[in-house]
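Student: Sharing a structure below in structure tokens format, with a few things to ask.
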Amino acid sequence: MTVMDKPRLTRDHVLSLLTGMIRIRKFEDKCAELYQQQKIRGFLHLYDGEEAIAAGVIPVLGRDDKIVATYREHGQALARGVPMTTVMAEMYGKAEGCSGGRGGSMHIFDKDTNFYGGNAIVGGGLPLATGIALADRMREQSHVTACFFGDGAAAEGEFHEALNLAALWDLPVLFVCENNGYAMGTAIDRYDSETDIHQKASAYGIESRRVDGMDVVAVEVAARSAIRHIRETGKPVFLECQTYRFRPHSMFDAQLYRSKAEVAEWRNRGPIVRFQDWLLENGLLHAEDIVRIEAAADAEIAEAVDFAEAGTWEPVEDLLKHTVATAQPDPLPTAPAGRTEEVTYREAVKQGIRDALQRDDRVFLMGEDVGAYGGCYAVSKGLIDEFGEDRIRDTPLSESGFTGAGIGAAAAGMRPIVEVMTVNFSLLALDQILNTAATLRHMSGGQFGVPVVIRMATGAGKQLAAQHSHSLEGWFAHIPGLRVLAPATLEDARGMLWTALEDPDPVLIFENVMLYNRTGHLDVNAGPVDITRAAVRRKGDDVTLITYGGSLHKVMDAAGTLARDGIEAEVIDLRVLRPLDDATIIASLARTRRAVIVDEGWKSGSLSAEIAARIHEQVFWHMDAPVGRVCAAEVPIPYPAHLEQAAIPQVPQIVAAARATLGRGAS
Numbered sequence: 001m002t003v004m005d006k007p008r009l010t011r012d013h014v015l016s017l018l019t020g021m022i023r024i025r026k027f028e029d030k031c032a033e034l035y036q037q038q039k040i041r042g043f044l045h046l047y048d049g050e051e052a053i054a055a056g057v058i059p060v061l062g063r064d065d066k067i068v069a070t071y072r073e074h075g076q077a078l079a080r081g082v083p084m085t086t087v088m089a090e091m092y093g094k095a096e097g098c099s100g101g102r103g104g105s106m107h108i109f110d111k112d113t114n115f116y117g118g119n120a121i122v123g124g125g126l127p128l129a130t131g132i133a134l135a136d137r138m139r140e141q142s143h144v145t146a147c148f149f150g151d152g153a154a155a156e157g158e159f160h161e162a163l164n165l166a167a168l169w170d171l172p173v174l175f176v177c178e179n180n181g182y183a184m185g186t187a188i189d190r191y192d193s194e195t196d197i198h199q200k201a202s203a204y205g206i207e208s209r210r211v212d213g214m215d216v217v218a219v220e221v222a223a224r225s226a227i228r229h230i231r232e233t234g235k236p237v238f239l240e241c242q243t244y245r246f247r248p249h250s251m252f253d254a255q256l257y258r259s260k261a262e263v264a265e266w267r268n269r270g271p272i273v274r275f276q277d278w279l280l281e282n283g284l285l286h287a288e289d290i291v292r293i294e295a296a297a298d299a300e301i302a303e304a305v306d307f308a309e310a311g312t313w314e315p316v317e318d319l320l321k322h323t324v325a326t327a328q329p330d331p332l333p334t335a336p337a338g339r340t341e342e343v344t345y346r347e348a349v350k351q352g353i354r355d356a357l358q359r360d361d362r363v364f365l366m367g368e369d370v371g372a373y374g375g376c377y378a379v380s381k382g383l384i385d386e387f388g389e390d391r392i393r394d395t396p397l398s399e400s401g402f403t404g405a406g407i408g409a410a411a412a413g414m415r416p417i418v419e420v421m422t423v424n425f426s427l428l429a430l431d432q433i434l435n436t437a438a439t440l441r442h443m444s445g446g447q448f449g450v451p452v453v454i455r456m457a458t459g460a461g462k463q464l465a466a467q468h469s470h471s472l473e474g475w476f477a478h479i480p481g482l483r484v485l486a487p488a489t490l491e492d493a494r495g496m497l498w499t500a501l502e503d504p505d506p507v508l509i510f511e512n513v514m515l516y517n518r519t520g521h522l523d524v525n526a527g528p529v530d531i532t533r534a535a536v537r538r539k540g541d542d543v544t545l546i547t548y549g550g551s552l553h554k555v556m557d558a559a560g561t562l563a564r565d566g567i568e569a570e571v572i573d574l575r576v577l578r579p580l581d582d583a584t585i586i587a588s589l590a591r592t593r594r595a596v597i598v599d600e601g602w603k604s605g606s607l608s609a610e611i612a613a614r615i616h617e618q619v620f621w622h623m624d625a626p627v628g629r630v631c632a633a634e635v636p637i638p639y640p641a642h643l644e645q646a647a648i649p650q651v652p653q654i655v656a657a658a659r660a661t662l663g664r665g666a667s
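See below:
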């Protein structure tokens, strides 16, 4: 700490610090009252007792610095300058709220103040913050991202993954741990083997400090020093602020885990009373100053309540608003060169990545072994030599951490391509994909989008056994807020990525492992392709075969077999698994009146079940036969080749299912 880090405790400055804390405290008190009146519902986590942290840290940040908060974020939002009127309206769930009423107490967002919202997933904001800081670092901007979280988050894997990334990549993050001694209702010494949380950050080589979080001046001094250090070095700093929450974890909490005497003892040395007494003793404050500050806060709160009460409820007709952005035009297709080259599917994907990197400085590729190793499936081989380590970014083996960082970078304006090595590993990142990428636009009332592309290998056939071989894309197709793609052709392998990177929302691309070595001819000028519609790959009038990804070529072979027996099958390549293109399917069934769905996922709860249900809902009375399905066997994918092949759809099964819809047995 240097002299420049010490605040000048002028009368105006100390009044500002005290006003900030009293304003937060009184707002929280009013929220508790409104909760009892059922004006505010759901979870309500109050900041009562922790005001010195927000008041001491946030005013030191610059206007262009960013904040990622946790679910106890009302105080942080107010300290940042989010208008109290819109914060209160958000607590009510009104359309005039800072998140349009879509977020509520735990999800306060405000783009104008670079407030990237509260996060209700414990530790979930940490990877997001590293990604936002990564975006600033890659753009060579000297901004700081402050990330607030509680002590309970220090037990989460994302805590360690985020700290490791921040230290590894020298990211300008100020980690602020608000250690109030309890993770919900369990005291820290009962759930953590290392109760000195700042020591965990030190283990990653991060500058780490502990401060009395009940002393607003001490917090401000530590914040000034930390932020100066980050701006000078570009490296992260960790602050552990020891504090205490006077109220329950949430308003549902009966607080049976601690005594009233314990709470009372902490209240007697709370940040407001402690600072007030010190100011009065030293003549920097007069009793009438406190009266004036409290009166001003009361008036502001009354205005905020009136604003919220007068606010409007968003009409039910707008229910689906802010799930995804309004439709964007696809990029204009490039003119065919009329000259083709023979390439593999792998090379087509690589060309798509290379094109994107050349076309847009915001694009970068990140993931496990994508750089020096060249990718598990050799898709990115050689790209690090062309574009360097900054844009072909090897990550630790921390799927949630680096996926969350990609999401944060996207929310901050970059266009990341995140590679998850295999679909089975994506479950480690499911929290970030489901709870952040897919929901950020909705929770923020449309203020923040997440234009990230996440690629992963999927499918079986290479004897990789049960933890590397499943087809789980149907699970992700269940989630609103995502676009899910399954390129089966060379044109789609190259062109879908181009279009996906223009999408303002998260796009998941599933590449079947059995396609990487498949060869074909691709126009040398191949460019972007549509990512909204299915494609009819073969015309026919007798039965419609519906599939996607790696199964397309098996289905085409099955259609050829059927044709030799006089059965003309129409083949639909879904291409887009979310949102499904019902129109193309239904138009085909208007001619064929029969359908077979081929899906490498398990039959129970599968994508095939969803498609069959839609067919029954829309054209049940038009069908001449029940919908047939050919899916993976209900078993983890086995290792032996003959069992693996038996577990996934094959041409004879597809042919048999098509014949069955026509009332014909085996030929």
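Residue numbers for the sequence shown follow the UniProt record's numbering, beginning at 1 and rising by one. Virtual Cβ for every residue (Gly too), placed ideally from N, Cα, C. Keep in mind it's a predicted model, so treat the numbers as computed, not measured.
#1: With distances taken Cα to Cα, identify the nearest neighbour of ALA120 among MET21, VAL651, GLU207, HIS249.
#2: Could you tell me which residues DSSP pairs with TRP621 in its beta bridges?
#3: Below 8 Å on the Cβ atoms is my guess for SER551 versus PRO649; work out the distance and round it to an integer in Å.
#4: Going by the CB atoms, is the gap between HIS470 and ASN424 shorter than 8 Å?
#5: For GLY150, which beta-bridge partners are listed by DSSP?
#6: In chain order, what residues of the same chain lie with their CB nearer than 7 Å to the CB of VAL173, ignoring the 5 residues before and after it?
#7: Around the Cβ of TYR182, are there at least 16 other Cβ atoms within 10 angstroms (buried) or fewer (exposed)?
#8: Could you check whether ALA297 and LYS26 sit closer than 8 Å to each other, using their CB atoms as the reference points?
#9: Should ARG594 be labelled buried (16 or more other beta-carbon atoms within 10 Å of its own) or exposed?
#10: Ignore the nearest five residues each way along the sequence and tell me which others in ALA438's own chain have a CB closer than 7 Å to its CB.
#11: Taking C-beta to C-beta, are GLY75 and ALA223 nearer than 8 Å?
#12: Which residues mark the beginning and the end of the beta strand (DSSP E) in which GLY406 is found?
#13: Going by DSSP, name the residue or residues bridged to LYS66.
#14: Excluding sequence positions up to five away, which residues of its chain have a Cβ less than 8 Å from the Cβ of GLN276?
#15: According to the Cβ coordinates, are GLN328 and LYS111 closer than 8 Å?
#16: If we count the other Cβ atoms within 10 Å of its Cβ and call it buried at 16 or more, is TYR92 buried or exposed?
#17: So for GLU161, helix, strand or coil by DSSP?
#18: How should TRP475 be labelled, buried or exposed, when 16 other C-beta atoms within 10 angstroms of its C-beta is the threshold for buried?
#19: Does the structure place the region 416-436 close enough to the region 301-319 that three or more beta carbon pairs sit under 8 Å?
#20: According to DSSP, which residues form a beta bridge with GLY628?
#21: Closer than 8 Å, CB to CB, is ARG247 near chain C or not?
#22: Tell me whether the region 331-341 and the region 512-532 touch, counting them as touching only if at least three CB pairs, one residue from each stretch, are closer than 8 Å.
#23: Kindly list the residues whose CB is nearer than 7 Å to the CB of LEU44, restricted to its own chain and excluding five residues on each side of it in sequence; keep chain order.
#24: Runs of 4 residues minimum, wholly inside the region 436-519: which ones carry the alpha helix (DSSP H) assignment?
#25: With DSSP as the reference, identify every bridge partner of ASP394, one or two as the case may be.
#26: Helix, strand or coil: how does DSSP classify HIS642 here?
#27: Three-state secondary structure (DSSP) at LEU319?
#28: Could you give the DSSP three-state label for GLY601: helix, strand or coil?
#29: CA-CA distance, ARG354 and PRO333?
#30: Please go through the region 24-89 and give each complete beta strand (DSSP E) segment of 3 or more residues, from N-terminal end onward.
#31: Based on the DSSP secondary-structure assignment, which residues constitute the bridge partners of THR340?
#32: On the premise that MET421 lies in contact with THR395, defined as a C-beta separation below 8 Å, what is that separation, rounded to the nearest angstrom?
#33: Does the distance from the CB of LEU662 to the CB of ASP557 come in under 8 Å?
#34: Under the rule that 16 or more other beta-carbon atoms within 10 Å means buried, what is LEU515, buried or exposed?
#35: SER16 to VAL221, Cα distance in whole Å?
#36: Anyone know if the C-beta pair for GLU511 and THR436 falls short of 8 Å?
Tutor: Short version:
#1: Stepping through the sequence shown from its first residue, residue 120 is reached at position 120. Nearest of MET21, VAL651, GLU207, HIS249 to ALA120, Cα basis: HIS249.
#2: Here the question's residue 621 lines up with position 621 in the sequence shown. DSSP output for TRP621 lists no bridge partner at all.
#3: Mapped onto the sequence shown, residue 551 falls at position 551. Mapped onto the sequence shown, residue 649 falls at position 649. Confirmed, about 6 Å.
#4: In the sequence shown, counting from the first residue as 1, residue 424 sits at position 424. In the sequence shown, counting from the first residue as 1, residue 470 sits at position 470. Yes, they are a contact pair.
#5: Taking the first residue of the sequence shown as position 1, residue 150 is located at position 150. Looking at the DSSP assignment, GLY150 forms a beta bridge with GLU178.
#6: Here residue 173 refers to the residue found at position 173 when the sequence shown is read from its first residue. ALA129, THR130, ALA133, THR145, CYS147, ALA166, PRO236.
#7: Within the sequence shown, numbered from 1, the residue matching residue 182 stands at position 182. It counts as buried.
#8: What you label residue 26 is simply residue 26 of the sequence shown in a count that begins at 1. What you label residue 297 is simply residue 297 of the sequence shown in a count that begins at 1. Yes, these two residues count as a Cβ contact at 8 Å.
#9: Numbered from 1 along the sequence shown, position 594 holds the residue referred to as residue 594. Buried.
#10: Here residue 438 refers to the residue found at position 438 of the sequence shown. So the qualifying residues of the chain are ILE479, PRO480, GLY481, LEU482, PRO506.
#11: Taking the sequence shown and counting its residues from 1, one reaches residue 75 at position 75. Taking the sequence shown and counting its residues from 1, one reaches residue 223 at position 223. Not a contact, by the Cβ cut-off of 8 Å.
#12: Here residue 406 corresponds to residue number 406 of the sequence shown, with the count starting at 1. Unbroken run through GLY406 is the alpha helix (DSSP H), 399-411; no beta strand (DSSP E).
#13: Your numbering for residue 66 matches position 66 in the sequence shown. Beta-bridge pairing links LYS66 to THR145.
#14: As a working mapping, residue 276 is identified with position 276 in the sequence shown. Once the five neighbours on either side are set aside, the close Cβ partners of GLN276 are LEU18, LEU285, ILE290.
#15: Position 328 of the sequence shown, counting from 1, holds the residue named residue 328. Position 111 of the sequence shown, counting from 1, holds the residue named residue 111. Result no, Cβ atoms of GLN328 and LYS111 do not sit closer than 8 Å.
#16: One-based indexing of the sequence shown puts residue 92 at position 92. Its Cβ being crowded by 16 or more others within 10 Å, TYR92 is buried.
#17: Here residue 161 is taken as the residue at index 161 of the sequence shown, counted from 1. DSSP places GLU161 in helix when its eight states are reduced to three.
#18: Counted from its first residue, the sequence shown places residue 475 at position 475. TRP475 comes out buried.
#19: no
#20: For the purposes of this step, residue 628 is identified with residue 628 of the sequence shown, where counting begins at 1. In DSSP, GLY628 forms a bridge with VAL596.
#21: Looking at the structure shown, chain C is missing, and only one protein chain is on hand.
#22: yes
#23: In the sequence shown, counting from the first residue as 1, residue 44 sits at position 44. The residues are CYS31, TYR35, SER105, SER250, MET251.
#24: 440-443, 473-476, 490-502
#25: On the sequence shown, residue 394 is found 394 positions in, with the first residue counted as 1. Paired residues: GLY367.
#26: Taking the sequence shown and counting its residues from 1, one reaches residue 642 at position 642. Of the three classes helix, strand and coil, the one that applies to HIS642 here is helix, per DSSP.
#27: By one-based count along the sequence shown, residue 319 stands at place 319. It is coil, neither helix nor strand.
#28: Here residue 601 refers to the residue found at position 601 when the sequence shown is read from its first residue. Three-state result, GLY601: strand.
#29: For the purposes of this step, residue 354 is identified with residue 354 of the sequence shown, where counting begins at 1. For the purposes of this step, residue 333 is identified with residue 333 of the sequence shown, where counting begins at 1. Each residue's Cα considered, the two are about 17 Å apart.
#30: 66-68
#31: As a working mapping, residue 340 is identified with position 340 in the sequence shown. Its beta-bridge partners are ASP523.
#32: Mapped onto the sequence shown, residue 395 falls at position 395. Mapped onto the sequence shown, residue 421 falls at position 421. About 10 Å separates the two Cβ atoms, so there is no contact after all.
#33: What you label residue 662 is simply residue 662 of the sequence shown in a count that begins at 1. What you label residue 557 is simply residue 557 of the sequence shown in a count that begins at 1. Contact: no.
#34: Taking the first residue of the sequence shown as 1, we reach residue 515 at position 515. Buried, by the Cβ-count rule.
#35: Along the sequence shown, read from residue 1 onward, the residue named residue 16 stands at position 16. Along the sequence shown, read from residue 1 onward, the residue named residue 221 stands at position 221. Cα-Cα distance, rounded: 15 Å.
#36: For the purposes of this step, residue 511 is taken as the residue at position 511 of the sequence shown. For the purposes of this step, residue 436 is taken as the residue at position 436 of the sequence shown. Against a cut-off of 8 Å, the Cβ pair of THR436 and GLU511 comes out as no contact.
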